[in-house]
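Enquirer: Pasting a structure below so you can have a look.
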Amino acid sequence: ADVLLMKSEALVRAGQNGDAELQQVRARAGAGARPATLNNLLDERLLEFAWEGMRRQDLIR
Numbered sequence: 003a004d005v006l007l008m009k010s011e012a013l014v015r016a017g018q019n020g021d022a023e024l025q026q027v028r029a030r031a032g033a034g035a036r037p038a039t040l041n042n043l044l045d046e047r048l049l050e051f052a053w054e055g056m057r058r059q060d061l062i063r
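When we follow this note's numbering, the leftmost residue of the sequence shown carries the number 3, and every step to the right adds one.
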């Protein structure tokens, strides 16, 4: 999930579409589709890695 979310973020930051990677992560979790925006990607990382202490680093990055 981490690699897919990083790839999606990189695509969005480059002005490309990162929806496919985000949807792979969300489909695995049984969640509905969301567009790949920076805010949605940060929210998805928060949900995916809730107990791993990654939120602070994501916000700094």
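Cβ coordinates follow ideal geometry from the N, Cα and C atoms, glycine included.
1) Could you check what DSSP says for E18 in three-state terms: helix, strand or coil?
2) Over the uninterrupted alpha helix (DSSP H) stretch that includes R47, give me the two end residues.
3) Any idea if E54 is buried or exposed, counting beta-carbon neighbours within 10 angstroms, 16 or more meaning buried?
4) Using 8 Å for Cβ pairs, my map puts Q25 next to A35. What's the rounded Cβ distance?
5) Under three-state DSSP, which class holds A12?
Expert: According to the structure shown:
1) Walking along the sequence shown from the start, residue 18 turns up at place 16. Looking at the sequence shown, residue 18 is not Glu but Gln. In this structure, DSSP gives Q18 a state outside helix and strand, which the three-state scheme calls coil.
2) Within the sequence shown, residue 47 is the residue found at index 45, counting from 1. Looking at the DSSP string, the run of the alpha helix (DSSP H) that includes R47 is L40 to E50.
3) Position 52 of the sequence shown, counted from the first residue, corresponds to residue 54. Exposed, by the Cβ-count rule.
4) Within the sequence shown, the letter at position 23 stands for residue 25. Within the sequence shown, the letter at position 33 stands for residue 35. Correct: roughly 6 Å between the Cβ atoms.
5) Position 10 of the sequence shown, counted from the first residue, corresponds to residue 12. The answer is helix: DSSP assigns A12 an H, G or I state.
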